[in-house]
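A.B. asks:
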Amino acid sequence: MAKSHATFVCQSCGAVYNRWKGKCEACGGWNTVVEESGAGPLAGPAATRPSRAKGRVFTLEGLAGETHDAPRTPSGLAELDRVTGGGFVRGSVILIGGDPGIGKSTLLIQACAALAGAGQRVVYISGEEAVAQVRLRAERLGIGAVPVELAAETNVEDIVATLSQGRPPALAVIDSIQTMWTETVESAPGTVTQVRGSAQALIRFAKTTGAAVILVGHVTKDGQIAGPRVVEHMVDAVVSFEGDTGHHFRILRAVKNRFGPTDEIGVFEMTDRGLAEVPNPSELFLASRDHGTAGTAVFAGMEGTRPLLVEIQALVAPTSLGTPRRAVVGWDPARLSMVLAVLEAHGGLRLGMHDVYLNVAGGLRIAEPAADLAAAAALVSSLSNSPLPADTVYFGEIGLSGAIRPVTQMQARLKEAAKLGFGQAVGPNIRGEKGERPLPGAVSLGHIADLVAAVASSRPRPKPLLQAREG
Ligand code: TYD
Ligand code: MG
Numbered sequence: 005m006a007k008s009h010a011t012f013v014c015q016s017c018g019a020v021y022n023r024w025k026g027k028c029e030a031c032g033g034w035n036t037v038v039e040e041s042g043a044g045p046l047a048g049p050a051a052t053r054p055s056r057a058k059g060r061v062f063t064l065e066g067l068a069g070e071t072h073d074a075p076r077t078p079s080g081l082a083e084l085d086r087v088t089g090g091g092f093v094r095g096s097v098i099l100i101g102g103d104p105g106i107g108k109s110t111l112l113i114q115a116c117a118a119l120a121g122a123g124q125r126v127v128y129i130s131g132e133e134a135v136a137q138v139r140l141r142a143e144r145l146g147i148g149a150v151p152v153e154l155a156a157e158t159n160v161e162d163i164v165a166t167l168s169q170g171r172p173p174a175l176a177v178i179d180s181i182q183t184m185w186t187e188t189v190e191s192a193p194g195t196v197t198q199v200r201g202s203a204q205a206l207i208r209f210a211k212t213t214g215a216a217v218i219l220v221g222h223v224t225k226d227g228q229i230a231g232p233r234v235v236e237h238m239v240d241a242v243v244s245f246e247g248d249t250g251h252h253f254r255i256l257r258a259v260k261n262r263f264g265p266t267d268e269i270g271v272f273e274m275t276d277r278g279l280a281e282v283p284n285p286s287e288l289f290l291a292s293r294d295h296g297t298a299g300t301a302v303f304a305g306m307e308g309t310r311p312l313l314v315e316i317q318a319l320v321a322p323t324s325l326g327t328p329r330r331a332v333v334g335w336d337p338a339r340l341s342m343v344l345a346v347l348e349a350h351g352g353l354r355l356g357m358h359d360v361y362l363n364v365a366g367g368l369r370i371a372e373p374a375a376d377l378a379a380a381a382a383l384v385s386s387l388s389n390s391p392l393p394a395d396t397v398y399f400g401e402i403g404l405s406g407a408i409r410p411v412t413q414m415q416a417r418l419k420e421a422a423k424l425g426f427g428q429a430v431g432p433n434i435r436g437e438k439g440e441r442p443l444p445g446a447v448s449l450g451h452i453a454d455l456v457a458a459v460a461s462s463r464p465r466p467k468p469l470l471q472a473r474e475g
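Sequential numbering of the sequence shown, starting at 5, is according to the numbering used here.
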């Protein structure tokens with residue numbers, strides 16, 4: 005019989021201690037360790053199973069053998085299916101994480117409606133909103149008449165018992181995992197142990213019935229609420245829903261996926277009638293572009309298998325501070341420092357007396373090193389006040405030696421640029437397939453100094469407005 009004794013669990017990362025600590029040694033969070041009774045990390049079926057003298061012998065199988073594709077149910081939302089890898093896999097569990105208010109409930113009720121509209125059994129369990137509230141939202145989204153089964157419940161045992169009745173649902177949405185509680189665990193709802201125990205019960209339900217289950221998890225910076233990170237390793241896929249409330253588009257990104265790719269993104273736009281899919285995001289990200297201003301460059305990027313054109317904006321201005329300011333939104337600050345250092349060391353620029361601001365337009369976050377060249381072009385353009393040609397895209401990774409290095413999928417980037425009417429591309433040795441030119445103007449650069457020279461030679465255009473203001 006397991007002895008019940010108090011354990012101390014970090015509410016942010018799930019680390020377990022046998023005494024209280026002010027600072028969690030595992031994640032470094034302050035004041036996140038809370039006493040929880042009788043539930044170590046082993047609570048669950050393993051802890052309650054009677055001990056046996058001998059284990060059961062099972063057959064081991066070879067790696068070569070029969071396989072079949074995971075049976076999938078497409079959701080009907082193309083952008084969602086792109087991220088999951090073609091639809092929900094039967095018996096799989098997906099965790100959708102995101103800031104509160106970003107649109108998780110909206111996205112999922114829309115997915116539920118699409119699936120239910122196709123004749124599947126779909127259940128939506130809300131632990132946060134009353135049934136009437138969910139109905140009201142569905143009505144506003146114009147999907148009020150679709151046969152989605154609703155309930156406002158938080159007890160996992162009751163939910164599993166209800167879902168197990170009749171035909172197993174194709175999809176069950178649990179909104180959110182932080183509000184769920186299970187009787188097998190003593191601690192209060194919202195604690196790490198409860199979140200983990202509830203997730204375990206729901207995962208078992210998915211595996212035994214073949215229903216796809218989606219768990220919603222709020223991610224907050226506040227350590228008081230148990231982060232859904234503690235269940236990340238238990239689920240089949242982790243998807244994050246991102247965006248900032250100041251912009252109306254939202255990005256769905258797979259962080260982990262046992263049944264599909266993890267580098268695909270789905271792009272949605274929040275409208276007054278819910279989330280609309282954006283099949284061609286480049287058009288959206290370039291829609292409000294400033295033509296003919298110094299300090300902007302269009303980056304031909306890739307998100308998974310999809311090319312994505314986005315504007316990078318830079319502002320380089322003389323500083324009034326002892327230590328110049330460097331601020332960056334949507335890109336890695338360490339990469340900005342590196343690009344600035346290379347521009348100084350190998351491009352002959354002097355940036356020590358300048359503040360530098362860099363922004364990826366539209367609230368997108370870029371992680372690709374291929375954005376180096378576009379960022380550098382925007383910086384040089386701003387410093388020299390020479391606008392870059394409006395019909396040019398940039399891509400390429402910059403090495404510490406100043407060399408511009410090739411990046412992956414150059415053809416896809418060039419094709420997307422051509423499709424959106426760009427006539428020129430600047431990057432590392434651009435060559436078309438079988439030697440043909442992908443764009444009328446393709447400029448191959450080998451070194452960062454070539455970029456500086458190219459931008460400087462595209463002489464500053466006189467800007468009447470600016471000059472009038474200056475004079
Ligand atoms: P919600 O799905 O409730 O967020 P979450 O479940 O992630 O907490 O979305 C809430 C926000 O979305 C809210 O601030 C209002 C906005 N919204 C719209 O702009 N249009 C709509 O049609 C809906 C339903 C919500
Ligand atoms: Mg919600």
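Heads up, the beta-carbon is just placed ideally off N, CA and C, and yes, glycines get one too. Treat the numbers as computed from the prediction; the structure is a model and nothing was measured.
Since A176 is in the beta strand (DSSP E), which residue starts that stretch and which ends it?
C.D. replies: Sequence index remark: in the sequence shown, residue 176 carries index 172 (1-based). Segment L175 to D179, the beta strand (DSSP E) holding A176.
A.B. asks: Is it buried or exposed for D240, if we count other Cβ within 10 angstroms and need 16 for buried?
C.D. replies: In the sequence shown, the residue the question calls residue 240 occupies position 236. Answer is buried; the Cβ neighbour count reaches 16.
A.B. asks: Using the Cβ count rule (16 or more neighbours within 10 Å means buried), how would you classify D276?
C.D. replies: Here residue 276 refers to the residue found at position 272 when the sequence shown is read from its first residue. Exposed, because fewer than 16 other Cβ atoms sit within 10 Å of the Cβ of D276.
A.B. asks: How is the beta strand (DSSP E) around H222 delimited, first residue to last?
C.D. replies: In the sequence shown, counting from the first residue as 1, residue 222 sits at position 218. A216 to H222 is the span of the beta strand (DSSP E), which, as asked, contains H222.
A.B. asks: Can you tell which of E287, A345 and V364 has its C-alpha closest to the C-alpha of L355?
C.D. replies: If you number the sequence shown from 1, residue 355 lands on position 351. Ranking the options by Cα distance to L355, first place goes to A345.
A.B. asks: Is R277 a contact residue of the ligand TYD, with contact defined as CB to any heavy atom under 7 Å?
C.D. replies: As a first step, residue 277 must be located in the sequence shown, where it is residue number 273. Result yes, Cβ under 7 Å from the ligand TYD.
A.B. asks: Locate the alpha helix (DSSP H) running through P337, then write down its first and last residues.
C.D. replies: If you number the sequence shown from 1, residue 337 lands on position 333. Counting along the chain, the alpha helix (DSSP H) containing P337 begins and ends at P337 to G351.
A.B. asks: Can you pull every residue whose C-beta falls closer than 6 Å to some heavy atom of the ligand MG, listed in chain order?
C.D. replies: With the cut-off at 6 Å, the residues found are K108, S109, E132 and D179.
A.B. asks: On a Cα-Cα basis, can you pick out the residue from M414, R339, F209 and A321 that is closest to R310?
C.D. replies: Here residue 310 refers to the residue found at position 306 of the sequence shown. Answer by Cα proximity: M414.
A.B. asks: Which complete beta strand (DSSP E) runs does the region 236 to 294 hold, if anything under 3 residues is left out?
C.D. replies: Those beta strand (DSSP E) runs which fall completely within the region 236 to 294 and span 3+ residues are 241 to 246, 253 to 261, 269 to 275 and 278 to 281.
A.B. asks: Cutting at 6 Å between CB atoms, please list the residues of its own chain near I147, excluding the five before and the five after it.
C.D. replies: Within the sequence shown, numbered from 1, the residue matching residue 147 stands at position 143. Only A117 meet the Cβ criterion.
A.B. asks: Taking only three categories from DSSP, how would you classify L313?
C.D. replies: For this step, residue 313 is matched to residue 309 along the sequence shown. Correct three-state label for L313: strand.
A.B. asks: Measuring from the CB of G450, is there a heavy atom of the ligand TYD at a distance below 7 Å?
C.D. replies: Stepping through the sequence shown from its first residue, residue 450 is reached at position 446. Answer for G450: no, Cβ out of range of the ligand TYD.
A.B. asks: To the nearest angstrom, how far is the alpha carbon of V459 from that of S324?
C.D. replies: Residue numbering aside, residue 459 sits at position 455 when the sequence shown is read from its first letter. Residue numbering aside, residue 324 sits at position 320 when the sequence shown is read from its first letter. Straight-line Cα distance between these residues: approximately 26 Å.
A.B. asks: Flag G101 as yes when its Cβ comes closer than 7 Å to any non-hydrogen atom of the ligand TYD, and as no otherwise.
C.D. replies: Here the question's residue 101 lines up with position 97 in the sequence shown. No, the ligand TYD has no heavy atom inside 7 Å of this Cβ.
A.B. asks: Buried or exposed: D85, going by 16 or more other Cβ atoms within 10 Å of its Cβ?
C.D. replies: Position 81 of the sequence shown, counted from the first residue, corresponds to residue 85. Buried, since its Cβ has 16 or more Cβ neighbours within 10 Å.
A.B. asks: Measuring from the CB of G105, is there a heavy atom of the ligand TYD at a distance below 7 Å?
C.D. replies: Walking along the sequence shown from the start, residue 105 turns up at place 101. At least one heavy atom of the ligand TYD is nearer than 7 Å to the Cβ of G105, so yes.
A.B. asks: Kindly provide the ranges of any alpha helix (DSSP H) runs that are 4 or more residues long and lie completely inside the region 130 to 176, ordered along the chain.
C.D. replies: You should have 135 to 144 and 160 to 167.
A.B. asks: Counting beta carbon pairs with one atom in the region 361 to 378 and one in the region 329 to 344, are three or more of them shorter than 8 Å?
C.D. replies: The answer is yes - the region 361 to 378 touches the region 329 to 344, with three or more Cβ pairs under 8 Å.
A.B. asks: Let's see if you can read the secondary structure: which residues bound the alpha helix (DSSP H) around L455?
C.D. replies: Indexing the sequence shown from 1 puts residue 455 at position 451. Here the alpha helix (DSSP H) through L455 covers I452 to S461.
A.B. asks: Locate the alpha helix (DSSP H) running through V384, then write down its first and last residues.
C.D. replies: For the purposes of this step, residue 384 is taken as the residue at position 380 of the sequence shown. D376 to S388 is the extent of the alpha helix (DSSP H) around V384.
A.B. asks: Starting from T88, follow the alpha helix (DSSP H) in both directions and report where the run begins and ends.
C.D. replies: In the sequence shown, the residue the question calls residue 88 occupies position 84. Its alpha helix (DSSP H) spans residues A82 to T88.
A.B. asks: Does the region 206 to 221 touch the region 177 to 184, meaning 3 or more C-beta pairs lie closer than 8 Å?
C.D. replies: Touching, yes, given that three or more Cβ pairs across the two stretches are closer than 8 Å.
A.B. asks: Between S264 and T110, how many whole angstroms is the CB-CB distance? I'm expecting something under 8 Å.
C.D. replies: Working through the sequence shown from its first residue, we reach residue 264 at position 260. Working through the sequence shown from its first residue, we reach residue 110 at position 106. What sits at residue 264 in the sequence shown is Gly, not Ser. With a Cβ gap of about 23 Å, G264 and T110 do not count as contacting.
A.B. asks: For Q228, which of helix, strand or coil comes out of DSSP?
C.D. replies: As a first step, residue 228 is located in the sequence shown; it is residue number 224 there, counting from the start. Its pLDDT being 41, under 50, Q228 is placed unreliably in this model, and the value from its coordinates should be taken loosely. Coil, per DSSP.
A.B. asks: Have a look at R171 and E83 and give me their C-alpha separation to the nearest angstrom.
C.D. replies: In the sequence shown, the residue the question calls residue 171 occupies position 167. In the sequence shown, the residue the question calls residue 83 occupies position 79. Approximately 28 Å, taken between the alpha carbons.
A.B. asks: If we count the other Cβ atoms within 10 Å of its Cβ and call it buried at 16 or more, is D376 buried or exposed?
C.D. replies: Within the sequence shown, numbered from 1, the residue matching residue 376 stands at position 372. Counting Cβ neighbours within 10 Å, D376 comes out buried, since at least 16 surround it.
A.B. asks: The alpha helix (DSSP H) spanning S202 covers which residue range?
C.D. replies: Here residue 202 refers to the residue found at position 198 when the sequence shown is read from its first residue. That run of the alpha helix (DSSP H) goes V196 to T213.
A.B. asks: How is S109 classed by DSSP in three states: helix, strand or coil?
C.D. replies: What you label residue 109 is simply residue 105 of the sequence shown in a count that begins at 1. Looking at S109 - three-state DSSP - the assignment turns out to be helix.
A.B. asks: So, V242 versus V259, is the Cβ gap smaller than 8 Å?
C.D. replies: For this step, residue 242 is matched to residue 238 along the sequence shown. For this step, residue 259 is matched to residue 255 along the sequence shown. Yes, the Cβ-Cβ distance between V242 and V259 is below 8 Å.
A.B. asks: Helix, strand or coil for A50 per DSSP?
C.D. replies: Within the sequence shown, residue 50 is the residue found at index 46, counting from 1. Only weak support is given to the placement of A50: the predicted model assigns it a pLDDT of 47, under 50, and the value that follows is read from those uncertain coordinates. Helix at A50.
A.B. asks: If you draw a straight line from the alpha carbon of T149 to that of A142, how long is it in whole angstroms?
C.D. replies: As a working mapping, residue 149 is identified with position 145 in the sequence shown. As a working mapping, residue 142 is identified with position 138 in the sequence shown. Checking the sequence, you will find Ala at residue 149 rather than Thr. Cα to Cα, A149 sits roughly 9 Å from A142.
A.B. asks: State the start and end residues of the unbroken beta strand (DSSP E) segment that holds R330.
C.D. replies: Numbered from its first residue, the sequence shown carries residue 330 at position 326. It spans R330 to V333 - the beta strand (DSSP E) in which R330 sits, taken as one unbroken run.
A.B. asks: Enumerate in chain order the residues of its own chain whose CB-to-CB distance from A280 is below 7 Å, with the five nearest sequence positions on each side excluded.
C.D. replies: Taking the sequence shown and counting its residues from 1, the one referred to as residue 280 is at position 276. Answer for A280: F272 and E273, listed in chain order.
A.B. asks: Taking only beta-carbon atoms, is P285 less than 8 Å away from chain D?
C.D. replies: This model lacks chain D altogether; it includes just one protein chain.
A.B. asks: Could you work out which residue in A416, V343, G366 and E401 is closest to S292 when comparing CA atoms only?
C.D. replies: Your numbering for residue 292 matches position 288 in the sequence shown. Of A416, V343, G366 and E401, the residue nearest in Cα terms is G366.
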